[in-house]
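**Q** Numbering (the numbering used here), first residue to last: 3 to 383.
Backbone N, C-alpha and C define an ideal beta-carbon position, used for all residues, glycine too.
As the structure is a prediction and not an experimental result, all values here were calculated from the model.
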Amino acid sequence: MTKPYHIETLAIHAGQQPDPSTGAVMTPIYQTSTYVQSAVGVHKGYEYSRTGNPTRTALEDCLAALEGGTHGLAFSSGMAAIDTVLRLVASGEHVLAGNDVYGGTFRLLDKVLKDYGIAHSFVEMTDLRAVQAGLRPDTRMVLLETPTNPRLKVFDIEAIAALAHANGPRTLVMVDNTFATPYLQRPLALGADIVAHSTTKYLGGHSDVVGGAALMNDEAVFERLKFLQNAVGAVPGPMDCWLVLRGLKTLALRMDRHAENALAVAQFLSDHPEVKEVIYPGLSDHPQHALAARQMRNGGGMLSFVMHGGVAAARRVVARTHLFALAESLGGVESLIEIPAAMTHASTAGSPLEVAPGLIRVSVGLEHKDDLIADLQQALM
Ligand code: P1T
3 MTKPYHIETL
13 AIHAGQQPDP
23 STGAVMTPIY
33 QTSTYVQSAV
43 GVHKGYEYSR
53 TGNPTRTALE
63 DCLAALEGGT
73 HGLAFSSGMA
83 AIDTVLRLVA
93 SGEHVLAGND
103 VYGGTFRLLD
113 KVLKDYGIAH
123 SFVEMTDLRA
133 VQAGLRPDTR
143 MVLLETPTNP
153 RLKVFDIEAI
163 AALAHANGPR
173 TLVMVDNTFA
183 TPYLQRPLAL
193 GADIVAHSTT
203 KYLGGHSDVV
213 GGAALMNDEA
223 VFERLKFLQN
233 AVGAVPGPMD
243 CWLVLRGLKT
253 LALRMDRHAE
263 NALAVAQFLS
273 DHPEVKEVIY
283 PGLSDHPQHA
293 LAARQMRNGG
303 GMLSFVMHGG
313 VAAARRVVAR
323 THLFALAESL
333 GGVESLIEIP
343 AAMTHASTAG
353 SPLEVAPGLI
363 RVSVGLEHKD
373 DLIADLQQAL
383 M
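(1) Put residue 249 into one of helix, strand or coil per three-state DSSP.
(2) Considering only DSSP beta bridges, list what residue 285 is partnered with.
(3) Which word fits residue 50, buried or exposed, when buried means at least 16 other C-beta atoms lie within 10 angstroms of its C-beta?
(4) With DSSP as the reference, please indicate the residues paired to residue 99 in a beta bridge.
(5) Check residue 73 in the structure and name its three-state DSSP category.
(6) Use the C-beta contact count for residue 289: other C-beta atoms within 10 angstroms, 16 or more gives buried, fewer gives exposed.
(7) In angstroms with no decimal places, state the Cα-to-Cα distance between residue 176 and residue 216.
(8) Tell me the DSSP secondary structure of residue 309 in three-state form.
(9) Is residue 213 helix, strand or coil when you go by DSSP?
(10) Give every residue of the same chain whose Cβ lies closer than 6 Å to the Cβ of residue 323, excluding the five residues on either side of it in the sequence, and list them in chain order.
(11) Below 7 Å, is the gap between the Cβ of residue 181 and the nearest heavy atom of ligand 1?
(12) For the alpha helix (DSSP H) containing residue 382, list its first residue and its last residue.
(13) Can we say the region 260-268 touches the region 297-308, given the rule of at least three CB pairs closer than 8 Å?
(14) Kindly indicate the opening and closing residues of the alpha helix (DSSP H) around residue 167.
(15) Where does residue 131 land, buried or exposed, given buried means 16+ other C-beta within 10 angstroms?
(16) Could you check where the alpha helix (DSSP H) with residue 138 kicks off and where it finishes?
(17) Short of 7 Å in beta carbon distance, which residues of its chain neighbour residue 274, apart from the five on each side in sequence? Order them along the chain.
(18) Taking DSSP as the reference, what is the three-state secondary structure of residue 363?
(19) Per DSSP, which residues does residue 338 bridge with? Please list them.
(20) Just checking, does the region 110-124 make contact with the region 232-249 on the three C-beta pairs under 8 Å criterion?
(21) At what residues does the beta strand (DSSP E) containing residue 178 begin and finish?
(22) Pick helix, strand or coil for residue 10, following the three-state DSSP scheme.
(23) Relative to the alpha-carbon of residue 279, which residue among 179, 153, 200, 372 has its alpha-carbon at the smallest distance?
(24) Would you say the beta carbon of residue 178 comes nearer than 7 Å to a heavy atom of ligand 1?
(25) Does at least one heavy atom of ligand 1 sit under 7 Å from the Cβ of residue 383?
(26) When you measure from the CB of residue 107 to every non-hydrogen atom of ligand 1, does any distance come out below 7 Å?
(27) Measuring alpha carbon to alpha carbon, tell me which of 192, 272, 335 ends up nearest residue 306.
(28) Within this structure, are the beta carbons of residue 369 and residue 346 separated by less than 8 Å?
(29) Let's test the definition: count the other Cβ atoms within 10 Å of the Cβ of residue 100 and tell me whether it reaches 16, buried, or not, exposed.
(30) Less than 8 Å between the C-beta atoms of residue 218 and residue 71, yes or no?
(31) Quick one: what does DSSP say residue 221 is sitting in, helix, strand or coil?
(32) If you compare alpha carbons, which of 180, 189, 197, 227 is closest to residue 207?
(33) Where does the unbroken beta strand (DSSP E) through residue 31 begin, and where does it stop?
(34) Check whether the Cβ atoms of residue 202 and residue 78 lie closer than 8 Å to each other.
(35) Beta carbon of residue 214: closer than 7 Å to some heavy atom of ligand 2?
(36) To the nearest angstrom, how far is it from the Cα of residue 228 to the Cα of residue 365?
Right under this line is the structure:
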C-alpha cells in the first residue's frame with residue numbers, strides 16, 4: 003500500500019491490517035517467543051521471535067514505507083541498529099563519518115570497532131571537497147547524521163551520496179535520520195543506501211521506549227542485514243514494537259508542532275541579550291539554512307545555544323528550567339534540556355568531535371510555546 007498514499011496515511015496504516023483471527027483493528031502484541039509447526043519446517047512464516055515476530059513485522063513494514071524503502075528491520079536500540087549496519091564493514095575497511103555525531107556513535111567507532119580492525123575518520127561534511135578528499139579506496143561506509151547531534155549542522159545528502167557512489171560500487175551511504183524523521187526528510191530518495199534510526203526519539207515520540215531501525219531498498223543489503231539481525235540478536239520485544247507503532251500514528255502532527263514551537267523558542271533566544279548564539283536550521287542565519295529549506299520540510303524540533311556567560315551560565319540555565327527537564331534523549335512530547343559535553347557527548351572528550359562545554363541542547367516539546375518561552379525567560383534571568 004506504499005505508492006499512492008501520503009506519509010500521514012502510511013504512518014497509520016502501512017504494515018497494519020485488522021488481525022485476521024479476531025478483527026482487532028490495532029496490531030496485537032504477539033507476546034510469544036515461539037510458534038507451533040505442523041510438521042518439521044511447516045509453519046505460518048514464524049519460527050522463533052529473534053528471527054521474526056508479527057508485531058515487529060508490522061513495525062518494520064511501516065517504517066520502511068515511511069522512509070520510501072522496500073525493506074525494514076527493527077532493533078532493540080538505535081545503537082544496535084547502527085552497530086548491525088556497521089557489521090557490513092569488514093576488518094581492514096574504512097568508515098568515513100561526519101564530524102558531528104551522537105556520542106554513542108562516536109564511542110562505537112572509536113572505542114569498539116577500531117579494535118576489530120575497522121578504521122574511521124571524521125570530516126566536515128558541509129564541505130564537499132573535504133568529503134571527496136576523505137574517501138579512500140577501502141571506504142566501505144559513509145555515515146552521516148543530518149541535522150547533526152548536537153551542533154545541528156545540515157549536510158547535503160544527495161551530493162554526498164553522489165560522491166560516495168562515484169568512489170566505487172562497494173561504498174554505501176548510511177544516513178542517521180533520527181533528528182529529522184521521514185516526515186521531514188527522506189534520505190533513500192536522495193541517494194542514501196540505508197537509513198538508520200533511534201526510534202527512541204521522534205518515531206516513538208513519548209519517551210517510553212528504546213528502539214532502533216534500519217530501512218533500505220537494496221535486496222542484497224537487506225538479506226545480509228536480516229541475517230546479521232538474527233545472528234547477532236539485538237531485536238526489540240513485541241511490546242516495544244507496539245509502542246513505536248502507536249507513536250508513529252501521530253508523527254506528522256507532532257513534527258509540525260515540534261517545529262513550530264522550536265522556531266518560536268529559537269527566535270526568542272536569538273533576541274535575548276544573554277544569548278550569544280542560537281543554532282537552529284529553521285532560522286535564516288543558520289549557515290546551511292538554504293540547504294535545510296530544500297532538503298527538509300521544516301526545521302525540526304532540536305536546537306542548540308550558547309550563553310555569553312559560558313559554561314557557568316549554561317549550567318545555571320539547565321538547573322533553573324521547570325518545564326524543560328534536565329535529561330538525556332530527545333524527541334518526546336515533553337521538552338528536555340541538557341549539556342552535551344557533560345552528558346550525551348561525554349565520550350567525545352579529548353577527540354576532534356569534543357563539544358564546547360557551554361553548548362546547551364534543547365529538545366522542544368509539544369507544550370504551549372508561550373509556556374516554554376516563559377520557562378526559558380525565568381531561567382535566563
Ligand atoms: O539511544 P539509542 O536508541 O540507542 O539511539 C542512539 C542514537 C543514535 N543516533 C542518534 C542521532 C541519537 O541521537 C541517538 C541517541 N541519542 C541520545 C540519547 C541523545 O540524547 O542524544
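**A** Inspection of the coordinates gives the following:
(1) Correct three-state label for residue 249: helix.
(2) According to DSSP, which records beta bridges pairwise, residue 285 is partnered with nothing at all.
(3) exposed
(4) 124, 145
(5) Assigned with DSSP and collapsed to three states, residue 73 falls in strand.
(6) Burial call: exposed.
(7) 9 Å
(8) strand
(9) coil
(10) The answer, listed in chain order, is 339, 377, 381.
(11) yes
(12) Secondary structure note for residue 382: its alpha helix (DSSP H) is the uninterrupted segment 371-382.
(13) yes
(14) 159-168
(15) exposed
(16) No alpha helix (DSSP H) contains residue 138, which DSSP labels as neither H nor E.
(17) Correct list, in chain order: 382.
(18) strand
(19) 327, 365
(20) no
(21) 174-178
(22) helix
(23) 153
(24) yes
(25) No, since every heavy atom of ligand 1 falls outside the 7 Å radius drawn around the Cβ of residue 383.
(26) Proximity of the beta carbon of residue 107 to ligand 1 is indicated: a heavy atom of the ligand is located closer than 7 Å.
(27) 272
(28) Between residue 369 and residue 346, the C-beta gap is not smaller than 8 Å, which leaves the two residues out of contact.
(29) buried
(30) Yes, the pair counts as a contact, with Cβ atoms nearer than the cut-off.
(31) DSSP places residue 221 in helix when its eight states are reduced to three.
(32) 180
(33) Here residue 31 belongs to no beta strand (DSSP E), and DSSP marks it neither H nor E.
(34) no
(35) Of the ligands this structure carries, namely ligand 1, none is ligand 2.
(36) 32 Å
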